[in-house]
Amino acid sequence: MTTNLIDIQNSDVIMATSNMAENHPVGFQWVMKAKERGAKFIHVDPRFTRTSAAADIHVPLRSGTNIVFFGGLINYAIQDNLYFKDYVVHYTNASFLIDPAFKTATDLDGLFTGYDPAKKTYDRASWKYQLDGEGNPRRDLTLKDPHTVFQLMKRHYGRYTLDMVERVCGIPKAKFEEVAKLYCGASGPEKTGTITYALNLTQHTNGVENIRSLCMLQILLGNIGRPGGGVTALRGHANVQGATDLELLYHELPGYMAQPLRDVHPDLKTYLEKETPKGGYWVNKPKFFVSLLKSWYGDAATKENDFGYDWLPKRASADAYSHQHMFVDMYNGVIKGFLALGQNPAVGGPNAKLARDAMKRLDWMVVKDIFVTETAEVWKAPGTDPKDVKTEVFFMPAAPAAEKDGSLTNTMRLIQWHEKAVTPPGDVTSDAEFVTNLGKRLQKLYANSKKARDKGFLAANFQFGSDPKEPDMVEVLKEINGYATEDITDKDGKVVYTKGQPLNTFAHMTDDGRTTGGCWIYTGVVVAGPDGKLVNKANSRKPADAKDYLGHGWAFAWPANRRILYNRASADLKGQPWSEKKKLIWWDPEAPGQKPEEKGKWVGMDVPDFNPFLAPD
3 MTTNLIDIQN SDVIMATSNM AENHPVGFQW VMKAKERGAK FIHVDPRFTR
53 TSAAADIHVP LRSGTNIVFF GGLINYAIQD NLYFKDYVVH YTNASFLIDP
103 AFKTATDLDG LFTGYDPAKK TYDRASWKYQ LDGEGNPRRD LTLKDPHTVF
153 QLMKRHYGRY TLDMVERVCG IPKAKFEEVA KLYCGASGPE KTGTITYALN
203 LTQHTNGVEN IRSLCMLQIL LGNIGRPGGG VTALRGHANV QGATDLELLY
253 HELPGYMAQP LRDVHPDLKT YLEKETPKGG YWVNKPKFFV SLLKSWYGDA
303 ATKENDFGYD WLPKRASADA YSHQHMFVDM YNGVIKGFLA LGQNPAVGGP
353 NAKLARDAMK RLDWMVVKDI FVTETAEVWK APGTDPKDVK TEVFFMPAAP
403 AAEKDGSLTN TMRLIQWHEK AVTPPGDVTS DAEFVTNLGK RLQKLYANSK
453 KARDKGFLAA NFQFGSDPKE PDMVEVLKEI NGYATEDITD KDGKVVYTKG
503 QPLNTFAHMT DDGRTTGGCW IYTGVVVAGP DGKLVNKANS RKPADAKDYL
553 GHGWAFAWPA NRRILYNRAS ADLKGQPWSE KKKLIWWDPE APGQKPEEKG
603 KWVGMDVPDF NPFLAPD
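Residue numbers for the sequence shown follow my numbering, so the first one is 3 and each next one is one higher.
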């Protein structure tokens with residue numbers, strides 16, 4: 003999510019694609035606030051729901067045709083010159099030139115350049131920018147060159163006409179044109195629009211393409227990084243955002259760094275060379291990645307052993323270890339045991355029959371949940387004879403949120419702390435207690451192992467705080483935040499961080515082992531107070547007000563407590579707001595600078611998405 007739910011009130015047009023009124027009622031209050039000040043509300047959904055009843059326009063469409071719907075809006079915006087040209091030219095890659103050999107699906111009747119019908123894969127050799135002598139993309143600021151990203155996009159979406167939308171989506175041409183005129187009109191210096199989506203678009207065969215389509219539309223209209231704009235994700239469960247940030251997904255590491263591939267990334271040097279781009283903020287990936295390794299392997303991670311990179315599990319292939327592959331491997335006997343912590347795959351995922359049959363073939367399975375689930379009782383599911391099930395199942399009762407401390411990261415990247423209200427009854431334990439104690443017991447079992455692959459696990463820290471049983475969750479959050487592994491000084495020898503002090507910003511991470519960071523984007527959520535004690539910003543509770551409508555004093559939003567991502571785009575090239583109505587941050591040449599003798603700073607209502615002392619020019 004690029005924006006903040008509170009900021010929806012500043013939208014001129016809102017397009018919801020799910021049943022937001024019923025499924026996300028707290029966030030929906032800001033839609034109603036926007037309507038009170040004259041905003042228009044469009045609801046795109048095959049069903050008529052309470053969200054539809056609150057909308058100015060309800061657009062029923064055939065299920066699964068969202069890509070064509072968004073494609074039609076993109077084509078309409080381009081053909082009718084409703085896109086925000088100054089924004090598109092200077093703040094997107096629209097002016098970049100692509101290899102002349104690249105052809106769009108319009109040119110090749112549905113396929114892009116490089117398709118291999120035998121392998122059903124693409125050779126992406128031509129899918130690249132034209133570069134100048136210094137390795138930078140060549141540009142055409144007029145957007146007229148046929149090889150610009152803009153012209154290629156225009157050609158690709160040229161097929162998405164009113165007729166096509168009507169034929170595929172089932173939306174009458176007049177109805178779609180009404181919607182297109184209204185939403186694409188939310189563009190330019192004075193207007194912005196936002197699009198909300200939920201599991202309806204993501205949990206889909208073409209989920210990635212759905213979201214990319216709506217993102218391209220928002221960028222084209224200049225609706226990213228500006229008040230009332232953005233891509234507004236509505237998560238379907240508490241802490242979905244946090245689970246993604248800390249990477250419960252199989253293909254990434256915390257902070258959205260790629261999980262290494264066995265053959266492609268044999269060593270740290272190769273991984274960093276292949277995964278670090280030449281430009282943009284991700285040039286700092288080596289700092290984030292090495293700090294992550296230090297967080298996991300501690301003192302055992304040194305420069306001499308590539309900071310323990312060899313201990314890091316590698317993917318056998320790009321899609322290995324995905325949810326579906328995991329159950330196929332269980333079914334085929336590759337995976338012998340399974341830990342299901344807070345998940346119910348017997349009914350909660352695709353191809354549930356395969357999942358249930360696979361779990362019946364395990365040697366053992368541990369289910370930890372707040373109640374006995376279908377997964378815990380898969381051995382006696384309807385139609386199953388327990389005698390035929392080889393799996394030994396252990397059910398471990400889990401503590402719900404009210405019985406444990408910790409944080410939840412909500413849909414707008416907001417890390418919010420919650421305190422334990424009551425002690426769990428009986429032998430019920432928190433997930434954190436279960437995992438840390440399991441880790442300690444396994445370390446004892448492997449204590450005498452001489453195998454190289456076990457060294458990393460034996461070096462891992464499972465003790466947080468003084469209690470040998472229950473981990474201190476603020477200490478866990480500090481581990482995620484990152485800290486100095488030794489005293490760190492500036493160029494003048496002044497101590498910036500003492501050993502063990504949490505980092506204030508990920509800008510201070512290093513790639514030489516002097517810092518840790520369990521998830522670099524969370525850095526700043528725990529800092530040292532004036533007295534040296536930990537300050538947990540996730541527990542901050544200053545409500546939003548007229549001076550700070552985005553509520554920077556309430557909890558902590560990653561990254562850097564920034565509430566609207568890419569907010570440099572809220573100002574023009576000179577650093578001034580596109581309009582008074584859509585002010586967010588701007589350059590003040592008279593503001594105190596970085597040094598006493600200097601002037602100039604980005605100021606406004608959010609944390610700048612870049613160096614605040616960097617002048618527009």
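Quick reminder that beta carbons are idealized off the backbone N, C-alpha and C, glycines included.
Here the structure is a predicted model, which means the values were calculated and not measured.
Strand pairing of residue i, partner residues [DSSP]
{"i": "V15", "result": "K42 and G195"}
{"i": "M259", "result": "L255"}
{"i": "I100", "result": "Y131"}
{"i": "E394", "result": "W366"}
{"i": "Q418", "result": "L410"}
{"i": "F340", "result": "M367"}
{"i": "Y485", "result": "P504"}
{"i": "K601", "result": "P594"}
{"i": "Y159", "result": "In the DSSP output, where bridge partners are listed per residue, Y159 has none listed."}
{"i": "I221", "result": "Partner(s): none; I221 has no beta bridge."}
{"i": "P139", "result": "L133"}
{"i": "Y499", "result": "I490"}
{"i": "V2", "result": "Nothing about residue 2 can be reported from this structure: the residues present for the chain run from 3 to 619 only."}
{"i": "A559", "result": "L416"}
Nearest residue (CA-CA) to residue i, options the options
{"i": "F71", "options": "R161, G339, P473 and T4", "result": "R161"}
{"i": "Q220", "options": "N212, D125, E211 and G231", "result": "G231"}
{"i": "T512", "options": "G531, F152 and S297", "result": "S297"}
{"i": "E24", "options": "D9, T51, V15 and L216", "result": "T51"}
{"i": "L84", "options": "G224, P139, L444 and C217", "result": "G224"}
{"i": "W560", "options": "T431, K183 and T246", "result": "T246"}
{"i": "E254", "options": "N439, L294 and V424", "result": "L294"}
{"i": "D147", "options": "A120, F98, P139 and P174", "result": "F98"}
{"i": "G227", "options": "A462, I566 and Q578", "result": "I566"}
{"i": "F290", "options": "C521, V233, L75 and V609", "result": "C521"}
{"i": "K338", "options": "A401, Q345 and M361", "result": "M361"}
{"i": "I523", "options": "G484, D550 and K392", "result": "G484"}
{"i": "L143", "options": "P427, H158 and Y89", "result": "Y89"}
{"i": "K501", "options": "G29, T487 and A357", "result": "T487"}
{"i": "G351", "options": "F329, Q153, K175 and F340", "result": "F329"}
{"i": "L222", "options": "F152, E277, G335 and K287", "result": "F152"}
{"i": "V391", "options": "A404, R415, R358 and V368", "result": "R358"}
{"i": "H327", "options": "G135, G534 and L251", "result": "L251"}
{"i": "K457", "options": "D312, M17 and A18", "result": "D312"}
{"i": "K583", "options": "H26, A56, T194 and E421", "result": "T194"}
{"i": "N346", "options": "E249, D321 and T375", "result": "T375"}
First and last residue of the uninterrupted alpha helix (DSSP H) at residue i
{"i": "D165", "result": "L164 to C171"}
{"i": "L444", "result": "D433 to L447"}
{"i": "Y551", "result": "First-last for Y551: undefined, no H or E at that position."}
{"i": "A79", "result": "N68 to Q81"}
{"i": "H92", "result": "K87 to Y93"}
{"i": "T234", "result": "From DSSP, T234 is part of no alpha helix (DSSP H) but of the beta strand (DSSP E) over V233 to A235."}
{"i": "P288", "result": "K287 to Y299"}
{"i": "L270", "result": "L270 to E277"}
Cut-off 8 Å between Cβ atoms - residues of its own chain near residue i, not counting five sequence neighbours on either side
{"i": "P545", "result": "G553, G555 and W556"}
{"i": "K316", "result": "Q261, P262, L263, R264 and H267"}
{"i": "F114", "result": "F104, K105, T106, A107, Y124 and W129"}
{"i": "G172", "result": "P62, L63, R64 and T67"}
Element boundaries [beta strand (DSSP E), containing residue i]
{"i": "I587", "result": "I587 to P594"}
{"i": "N538", "result": "L536 to N538"}
{"i": "K457", "result": "Element bounds for K457: not the beta strand (DSSP E) but the alpha helix (DSSP H), K457 to A461."}
{"i": "H60", "result": "I59 to V61"}
Residues near residue i by beta carbon distance below 7 Å, same chain, minus five either side
{"i": "I69", "result": "N208, E211, N212 and S215"}
{"i": "M475", "result": "D407, G408 and A434"}
{"i": "E592", "result": "K601"}
{"i": "D308", "result": "D269 and L270"}
Buried versus exposed call for residue i [16 or more other C-beta atoms within 10 Å across all chains shown]
{"i": "H92", "result": "exposed"}
{"i": "W284", "result": "exposed"}
{"i": "S54", "result": "buried"}
{"i": "D301", "result": "exposed"}
{"i": "K480", "result": "buried"}
{"i": "T198", "result": "buried"}
Close Cβ partners of residue i (< 6 Å) along its chain, the five nearest in sequence each way excluded
{"i": "A182", "result": "L75 and Y78"}
{"i": "H149", "result": "L99, I100 and P102"}
{"i": "P191", "result": "W580 and S581"}
{"i": "I372", "result": "A400 and P402"}
{"i": "V529", "result": "P504, N506 and V537"}
{"i": "G606", "result": "L586, I587 and W588"}
{"i": "W604", "result": "I587, W589, P610 and P614"}
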